[in-house]
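Student: Structure in structure tokens, see below.
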Amino acid sequence: MEIKSIKSQFPIFKNKINGKPLIYLDNANSSQKPKSVIERISKFYSKEFSNIGRSVHSLAVTATNRFEDTRDLVKKYINAKSREEIIFTKNATEAINLVASSYGENFIKKGDEILITELEHHANYVPWHFLRQKKGAVIKFAECNEKGEVDIDEIKKLISNKTKIIAITHLSNVTGAIMPIKKIVDMASKKKIPVLVDGCQGAPHLKLNMQELGCDFYAISCHKMYGPTGVGILYAKKKWVDILPPYQGGGGMIEEVKKDNITYPQSPTKYEAGTLQTAEVVGFSESIKFIEDIGIKKIMEHEKEILEYGLDEIKKNNSVRVIGDPKNRGSIISFTIKGIHPHDIATILDEDGVAIRAGHHCCQILHEKMGIAASARASLGIYNSKDDIDALSSAIKKCNKVFNS
Amino acid sequence: MEIKSIKSQFPIFKNKINGKPLIYLDNANSSQKPKSVIERISKFYSKEFSNIGRSVHSLAVTATNRFEDTRDLVKKYINAKSREEIIFTKNATEAINLVASSYGENFIKKGDEILITELEHHANYVPWHFLRQKKGAVIKFAECNEKGEVDIDEIKKLISNKTKIIAITHLSNVTGAIMPIKKIVDMASKKKIPVLVDGCQGAPHLKLNMQELGCDFYAISCHKMYGPTGVGILYAKKKWVDILPPYQGGGGMIEEVKKDNITYPQSPTKYEAGTLQTAEVVGFSESIKFIEDIGIKKIMEHEKEILEYGLDEIKKNNSVRVIGDPKNRGSIISFTIKGIHPHDIATILDEDGVAIRAGHHCCQILHEKMGIAASARASLGIYNSKDDIDALSSAIKKCNKVFNS
Amino acid sequence: MDIKELYQDIILDHGKNPRNKNKCKDFNKDAKGHNPLCGDKVHVYIKLDKEKKVEDISFEGEGCAISMASASIMTEIVKGKEFNVAKKILEHFLNMLKEGSKLSINSLTDDENTRMMSLSGVKQFPMRVKCATLAWHTFMHAVEGNRNTVKTEK
Amino acid sequence: MDIKELYQDIILDHGKNPRNKNKCKDFNKDAKGHNPLCGDKVHVYIKLDKEKKVEDISFEGEGCAISMASASIMTEIVKGKEFNVAKKILEHFLNMLKEGSKLSINSLTDDENTRMMSLSGVKQFPMRVKCATLAWHTFMHAVEGNRNTVKTEK
Ligand SMILES: Cc1ncc(COP(=O)(O)O)c(C=O)c1O
Ligand SMILES: Cc1ncc(COP(=O)(O)O)c(C=O)c1O
Chain Z
29 MEIKSIKSQF PIFKNKINGK PLIYLDNANS SQKPKSVIER ISKFYSKEFS NIGRSVHSLA
89 VTATNRFEDT RDLVKKYINA KSREEIIFTK NATEAINLVA SSYGENFIKK GDEILITELE
149 HHANYVPWHF LRQKKGAVIK FAECNEKGEV DIDEIKKLIS NKTKIIAITH LSNVTGAIMP
209 IKKIVDMASK KKIPVLVDGC QGAPHLKLNM QELGCDFYAI SCHKMYGPTG VGILYAKKKW
269 VDILPPYQGG GGMIEEVKKD NITYPQSPTK YEAGTLQTAE VVGFSESIKF IEDIGIKKIM
329 EHEKEILEYG LDEIKKNNSV RVIGDPKNRG SIISFTIKGI HPHDIATILD EDGVAIRAGH
389 HCCQILHEKM GIAASARASL GIYNSKDDID ALSSAIKKCN KVFNS
Chain A
29 MEIKSIKSQF PIFKNKINGK PLIYLDNANS SQKPKSVIER ISKFYSKEFS NIGRSVHSLA
89 VTATNRFEDT RDLVKKYINA KSREEIIFTK NATEAINLVA SSYGENFIKK GDEILITELE
149 HHANYVPWHF LRQKKGAVIK FAECNEKGEV DIDEIKKLIS NKTKIIAITH LSNVTGAIMP
209 IKKIVDMASK KKIPVLVDGC QGAPHLKLNM QELGCDFYAI SCHKMYGPTG VGILYAKKKW
269 VDILPPYQGG GGMIEEVKKD NITYPQSPTK YEAGTLQTAE VVGFSESIKF IEDIGIKKIM
329 EHEKEILEYG LDEIKKNNSV RVIGDPKNRG SIISFTIKGI HPHDIATILD EDGVAIRAGH
389 HCCQILHEKM GIAASARASL GIYNSKDDID ALSSAIKKCN KVFNS
Chain F
825 MDIKELYQDI ILDHGKNPRN KNKCKDFNKD AKGHNPLCGD KVHVYIKLDK EKKVEDISFE
885 GEGCAISMAS ASIMTEIVKG KEFNVAKKIL EHFLNMLKEG SKLSINSLTD DENTRMMSLS
945 GVKQFPMRVK CATLAWHTFM HAVEGNRNTV KTEK
Chain H
825 MDIKELYQDI ILDHGKNPRN KNKCKDFNKD AKGHNPLCGD KVHVYIKLDK EKKVEDISFE
885 GEGCAISMAS ASIMTEIVKG KEFNVAKKIL EHFLNMLKEG SKLSINSLTD DENTRMMSLS
945 GVKQFPMRVK CATLAWHTFM HAVEGNRNTV KTEK
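Chains as they are written, first to last, in the numbering used here: chain Z, 29 to 433; chain A, 29 to 433; chain F, 825 to 978; chain H, 825 to 978.
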């Protein structure tokens, strides 16, 4: 694939970081935005802006159509069954909070069990913790093995007749492990347990097919998919949006408002309170088009090639320890360097324009399990090349030099 | 004031609507964006973008600083006491939901009373309705008089020792009534009742001074302040953010995460879960600068002049009935035309490029009170001029013609 | 686009003087429709015979000129017709609003076709399509015995 | 900006071989500090005499080179000093990190001033300022008897 031409679609790479070209390897945190997305937002504000859904003047009609067109695009892209299954949220975090609240408060009671894993991002633990506190539910953590993956048997083992939901990541943002979601859903659905998938890392890097995957809920952050900040997506199966109550209350999500009662319309309207992220959603349509223009299969192949090259290169350095060795790995290389704290690594790399992340990556449980407080993480996007990996490797060597001189 | 030069800062006015210049009178719904805001967002994505607060590389540092600079700007603009009092949300609706949840679920119990008014937008009723359903609380509606305002005595009358919060609009989005918030706060604080102000319409049109106003919570939607979509602000007094629990759970809002417990940092971090609306918040800094460059006092004077001219002009048409006649009115003219449904009005006006809103404006309670299902609403922004009012008047005359021919 | 294409005289007439606006006697089917955006509300009453022929039909409600005219015309058109025929007419009608196709339905008289076509201007005003179809959908609901209120989403 | 300005030899030395890294005997004050961003953690132990002089001081913890070096240097600097003097030193130190002002504190020897100044490179790395100040703030907390963990916000 012609990475150069893809990279040239991203204005940010025209800038220098500390006098060096930007090597952006912090994609699991947030991805950069192609020109088409940035310009779509500008154009929307400059030529088409209006609040949507509420007014009948021409601007409002156009804006509403652009917004709803994006919903159709998303529906198609993730192969959902109907538009009602696509709910726009602020981010993936809000999507999971929505489920924990609307599903949790109605279907989970004292003593019921919520099954998550040790791999989960705080976004897929804290909302369940709230529920634990409110309802007296129990959270069970499926164990992560030394390869940095959760074996399906570990999940199976913890299922009981009190299990009310399984909430699990699609692709670990620390070890890169890709979870066998379809198998887990098959197993869970036999016991009628709904499955929520934290798709934050899955969505930008894997082919999405909700009808095939079969999960009940899937949470997406658009800003990790080359899209604008401020918008996320909750996919929720029709059978759930038909019965779950609304989450936030306000304008737009009501049907009839009386002093003693309020009724609500159907999904997605029911779940989209107040003025929405109009420009962001419209802008996101260009992200999907960008991905589709390249093709997710090509993206997956390319990222796999760079990932494997990266793992090979980085392991050549004896002081580096790569975290996890999952059978099925995507887009993520977390590591530590002997004697150098991850934050020092990140600072030294930054001097060479190499942007990575250091810390616990919102996965304290996993880091504790691995006996470390923090790690360094290089995470890939479509614009990364072997050159970027080479820059990473030599910057890592520089860390060794600084600290051992 | 030189309105022409202000209007020229808004790219949208270069477009034609149905071949006519755009006369935008739907500002209470959402305002248009000046070039500086649109360009700030583009620049941020093109040169500075990164996720904030989490990484130590240079882009992340810059982005974080720009984001937090905006918080400082907001703090200063609304004269809050400290940065902890400024929480970024998705919109004003979320800000009110946050309070209804974090305050409501902890301080309001069965039989307690929530005092709102008949003027309230659904955003300031539905979240309390949720609480009513969950907790068995009672909602009391202070009556609106035929002038379209709520007399402070009506509020006083309803206060009891079970009143746990007063939630009230600053400026009605239907009648334009400006409520005497300071007096209400003074009255409430004597009885130790916190006051939440729905500042959606107040923020763009009135001088804001939280320390003088004295309210406990103030909700703002940035998109009505010439700012980006996808971002709102909750001002919450220090004494509340110190004790209220978080609202949504996820990354960024935690301190220490263990399998059996989670601790949280202080506000605002505690209330800002997940990846924030980075570009939107940074873009909003330009909205505040835009407003400050003109000066809110000048804006108020200008809008008052146009409002009075508009009321005079529109009342000259005998078939028009203006809704409400509040003593203290801001930026809003809602009306009906005899024999013509508001939606038909909006459609006919649109043909002349005049954008207004028709419907219940998310105030069904108020419309029911006034015995109408819907109204037409012209709402002002800084760029509106007497010419716009003249265009509105003649478009209204056209409605008469179409329907009486 | 001329506003008079939307507000044709037939529509203004039906909007101001809706036909069959009452609760017809002996109705055996009814349903409510609601368009939250405009606040349009209709309640359709039908007397359906055993062969599913619409013996009588009427409506109550309030709303914009388009929705009231559409309801009024709808009652005129389907009265005396078999449900299956009415269903076909609705299909043609929806097609006209969506595709802008000309309407010429065999089962209708020229005059009836003209009345139906008076709503064709709505196509240029996408936000108003729901106003034009509300009464029709509510009619379908009533016949099919669905007790939920018809809701047109925003 | 050169990375070696941040990671000066003194810092690397203190980072690798931190001084006073233990739980000192007979401490009568202690406090914990936490920097959620890096995961830096320190626990400072102080033996304070009645005149508020720091008779002994030590720390435990883990974190980046900057935070460990800063803690190590801090314990060396304040040991034996009055609390008020230590407080002044901290002021100068914070000023150096913020304003980039040169450091030359009367109450310190040349060598001590040099050690403190080895942290001056942090000014160029705003995200790392909290690493450099964590131990100092925790020291203040301990003496002032505040039992809450010191938290540096993200
Ligand atoms: C008075 C009032 N309150 C609340 C809102 C809700 O604001 P938002 O939709 O931006 O959350 C609005 C605007 O729609 C409003 O006018
Ligand atoms: C696996 C995973 N889940 C959830 C999140 C949270 O996403 P957001 O912050 O956009 O809500 C992230 C990213 O931070 C993630 O990597």
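Ideal Cβ placement from N, Cα and C applies to all residues, glycine included.
1. Just tell me which of Z/V154, Z/V166, Z/E148, Z/L159 has its CA closest to the CA of Z/G139.
2. Check whether the Cβ atoms of F/F949 and F/V868 sit closer than 7 Å, and answer yes or no.
3. Excluding the 5 residues flanking A/F431 on each side, which residues of the same chain have their C-beta closer than 7 Å to its C-beta?
4. At a cut-off of 6 Å, would you count Z/S435 as near ligand 2, judging by its Cβ distance to the nearest heavy atom?
5. In whole angstroms, what separates the C-alpha of Z/E308 from that of H/W960?
6. What span of residues does the alpha helix (DSSP H) with H/V953 cover, start to end?
7. Can you pull out the residues from the segment 830 to 847 of chain H whose beta carbon lies closer than 9 Å to at least one beta carbon of chain Z?
8. If you drop the 5 nearest sequence neighbours on each side, which residues of the same chain put their C-beta closer than 8 Å to that of H/L921?
9. At a CB-CB cut-off below 8 Å, which residues of chain H make contact with A/P273?
10. Sort Z/I261, Z/A404, Z/I193 by Cα distance to Z/C390 and report the nearest one.
11. Assuming A/L408 contacts A/N57 (C-beta within less than 8 Å), just tell me the rounded distance between them.
12. Using 8 Å as the Cβ pair cut-off and three pairs as the minimum, do the segment 111 to 126 of chain A and the segment 292 to 305 of chain A touch?
13. What first and last residue would you give for the beta strand (DSSP E) that runs through H/D854?
14. Can you find at least 3 beta carbon pairs, one from the segment 869 to 878 of chain F and one from the segment 901 to 913 of chain F, that sit closer than 8 Å?
15. For chain H, is any of its Cβ atoms less than 7 Å away from the one on A/E283?
16. Going along the chain, which residues of its own chain have a beta-carbon closer than 6 Å to the beta-carbon of A/P370, five neighbours each way excluded?
17. At a cut-off of 6 Å, would you count Z/Q305 as near ligand 1, judging by its Cβ distance to the nearest heavy atom?
18. Can you find a C-beta in chain Z that's less than 7 Å from the C-beta of A/R385?
19. From Z/A123 to Z/K109, what does the alpha carbon distance come to, in whole angstroms?
20. When burial is assigned at 16 or more other CB atoms within 10 Å of the CB, is Z/Q18 buried or exposed?
21. Could you check the C-alpha separation between H/V974 and H/H858 for me, to the nearest Å?
22. On the three-state DSSP scale, how would you describe A/V84?
23. Nearest to A/I4 by alpha carbon, out of A/I31, A/I40, A/K235?
24. Is any non-hydrogen atom of ligand 2 found closer than 6 Å to the C-beta of Z/A120, if you look at the structure I gave you?
25. Quick one: is H/C940 near chain A, going by C-beta distance under 7 Å?
26. With DSSP collapsed to three states, give me the class of Z/S422.
27. Can you find at least 3 beta carbon pairs, one from the segment 189 to 202 of chain A and one from the segment 217 to 229 of chain A, that sit closer than 8 Å?
28. Considering only residues of the same chain and omitting the five flanking positions on each side of Z/T145, which have a CB-CB separation below 6 Å?
29. List the whole-angstrom C-beta distance separating Z/S74 from Z/A91, where the pair is believed to meet the contact cut-off of C-beta under 8 Å.
30. Just mark A/D321 as buried or exposed, buried being the case when its beta carbon has 16 or more other beta carbons within 10 Å.
31. What's the call for F/K969, buried or exposed, on a 16-neighbour Cβ count within 10 Å?
32. Please identify the residue among Z/A406, Z/G204, Z/S217 whose C-alpha is closest to the C-alpha of Z/K184.
33. Looking only at its chain, what residues have a beta carbon closer than 7 Å to the beta carbon of Z/E300, apart from the 5 residues adjacent to it on each side?
34. Would Z/D54 pass as an interface residue toward chain A - the criterion being a Cβ-Cβ separation below 7 Å?
35. Please return the same chain residues whose Cβ sits closer than 6 Å to the Cβ of A/K35, not counting the five positions on each side in sequence.
36. Grab me the residues of A/V65's own chain with a C-beta within less than 8 Å of its C-beta, minus the 5 sequence neighbours each way, in chain order.
Tutor: Reading it off the structure:
1. Position 111 of the first sequence holds residue 139 of chain Z. Closest in C-alpha terms to Z/G139, from the list Z/V154, Z/V166, Z/E148, Z/L159, comes Z/V166.
2. What you label residue 949 of chain F is simply residue 125 of the third sequence in a count that begins at 1. What you label residue 868 of chain F is simply residue 44 of the third sequence in a count that begins at 1. Taking 7 Å as the cut-off, the Cβ atoms of F/F949 and F/V868 do not count as close.
3. For the purposes of this step, residue 431 of chain A is taken as residue 403 along the second sequence, with counting starting at 1. Excluding residues within five positions, the ones whose Cβ falls inside 7 Å are G367, I368.
4. Residue 435 of chain Z lies beyond the stretch modelled for chain Z, which goes from 29 to 433, so this question has no answer here.
5. Counting from one through the first sequence, the residue named residue 308 of chain Z turns up at place 280. Counting from one through the fourth sequence, the residue named residue 960 of chain H turns up at place 136. About 43 Å.
6. Along the fourth sequence, read from residue 1 onward, the residue named residue 953 of chain H stands at position 129. That run of the alpha helix (DSSP H) goes 953 to 967.
7. Against chain Z - using a Cβ distance shorter than 9 Å - the residues of the segment 830 to 847 of chain H are L830, Y831, D833, L836, G839, K840.
8. Working through the fourth sequence from its first residue, we reach residue 921 of chain H at position 97. Answer for H/L921: L943, S944, V946, K947, V953, A956, T957, listed in chain order.
9. Taking the second sequence and counting its residues from 1, the one referred to as residue 273 of chain A is at position 245. Chain H residues near A/P273: none, gap ~17 Å exceeds 8 Å.
10. Counting from 1 along the first sequence, the entry for residue 390 of chain Z is found at position 362. When each option's Cα is compared against that of Z/C390, the closest is Z/A404.
11. As a first step, residue 408 of chain A is located in the second sequence; it is residue number 380 there, counting from the start. As a first step, residue 57 of chain A is located in the second sequence; it is residue number 29 there, counting from the start. The beta-carbon distance between A/L408 and A/N57, rounded to whole angstroms, is 12 Å. This is too long to meet the 8 Å contact definition.
12. Yes: the two stretches touch, three or more of their Cβ pairs being nearer than 8 Å.
13. Position 30 of the fourth sequence, counted from the first residue, corresponds to residue 854 of chain H. Start and end: 853 to 859.
14. Because the criterion of three Cβ pairs below 8 Å is met, the segment 869 to 878 of chain F and the segment 901 to 913 of chain F touch.
15. Locating residue 283 of chain A in the second sequence gives position 255, where the first residue counts as 1. The beta carbon of A/E283 falls within 7 Å of a beta carbon belonging to chain H, placing the residue at that interface.
16. Your numbering for residue 370 of chain A matches position 342 in the second sequence. If the five residues before and after A/P370 are omitted, its C-beta is found closer than 6 Å to the C-beta atoms of A386, A402, S403, A404, all from its own chain and listed in chain order.
17. Within the first sequence, residue 305 of chain Z is the residue found at index 277, counting from 1. No, ligand 1 has no heavy atom inside 6 Å of this Cβ.
18. Here residue 385 of chain A refers to the residue found at position 357 when the second sequence is read from its first residue. Judged by the 7 Å Cβ criterion, A/R385 is in contact with chain Z.
19. Taking the first residue of the first sequence as position 1, residue 123 of chain Z is located at position 95. Taking the first residue of the first sequence as position 1, residue 109 of chain Z is located at position 81. Rounded to the nearest whole angstrom, the CA to CA distance from Z/A123 to Z/K109 is 19 Å.
20. The structure shown does not extend to residue 18 of chain Z, since chain Z spans only 29 to 433, so no value can be given for it.
21. For the purposes of this step, residue 974 of chain H is taken as residue 150 along the fourth sequence, with counting starting at 1. For the purposes of this step, residue 858 of chain H is taken as residue 34 along the fourth sequence, with counting starting at 1. H/V974 and H/H858: Cα-Cα distance of roughly 6 Å.
22. Translated into the one-based positions of the second sequence, residue 84 of chain A becomes position 56. A/V84 carries a coil assignment under DSSP once its states are collapsed to helix, strand and coil.
23. Here chain A has residues from 29 to 433 only, and residue 4 of chain A is not among them.
24. Against the first sequence, residue 120 of chain Z aligns to sequence position 92. At least one heavy atom of ligand 2 sits closer than 6 Å to the Cβ of Z/A120.
25. Translated into the one-based positions of the fourth sequence, residue 940 of chain H becomes position 116. Position check: residue 940 of chain H holds Met in this sequence, whereas Cys was assumed. For H/M940, the answer is no, since every Cβ of chain A falls outside 7 Å of its Cβ.
26. For the purposes of this step, residue 422 of chain Z is identified with residue 394 of the first sequence, where counting begins at 1. In the structure shown, Z/S422 sits in a helix (DSSP, three-state: H, G or I).
27. A contact exists between the segment 189 to 202 of chain A and the segment 217 to 229 of chain A.
28. What you label residue 145 of chain Z is simply residue 117 of the first sequence in a count that begins at 1. So the list reads A170, V178, I196, once near-sequence residues are dropped.
29. Along the first sequence, read from residue 1 onward, the residue named residue 74 of chain Z stands at position 46. Along the first sequence, read from residue 1 onward, the residue named residue 91 of chain Z stands at position 63. Rounded to the nearest angstrom, the Cβ distance from Z/S74 to Z/A91 is 13 Å, too far for a contact under 8 Å.
30. Here residue 321 of chain A is taken as the residue at index 293 of the second sequence, counted from 1. Looking at its Cβ environment, which holds fewer than 16 other Cβ atoms inside 10 Å, A/D321 is exposed.
31. Here residue 969 of chain F refers to the residue found at position 145 of the third sequence. It is Gly, not Lys, that sits at residue 969 of chain F in the sequence shown. It is exposed - the Cβ of F/G969 has fewer than 16 other Cβ atoms within 10 Å.
32. Residue numbering aside, residue 184 of chain Z sits at position 156 when the first sequence is read from its first letter. Relative to the Cα of Z/K184, the nearest Cα in the group Z/A406, Z/G204, Z/S217 belongs to Z/S217.
33. Residue mapping note: residue 300 of chain Z aligns to position 272 of the first sequence, counting from 1. The beta carbon of Z/E300 sits closer than 7 Å to those of I115, F116, G280, M281, all from its chain and outside the five residues before and after it, given in chain order.
34. In the first sequence, residue 54 of chain Z corresponds to position 26, counting from 1. Chain A, which has a Cβ nearer than 7 Å to the Cβ of Z/D54, makes this yes.
35. On the second sequence, position 7 is the one that residue 35 of chain A refers to. Answer for A/K35: F41, Y411, listed in chain order.
36. Translated into positions along the second sequence, residue 65 of chain A becomes position 37. These residues qualify, in order along the chain: Y254, G255, P256, G311, F312, E314, S315, F318.
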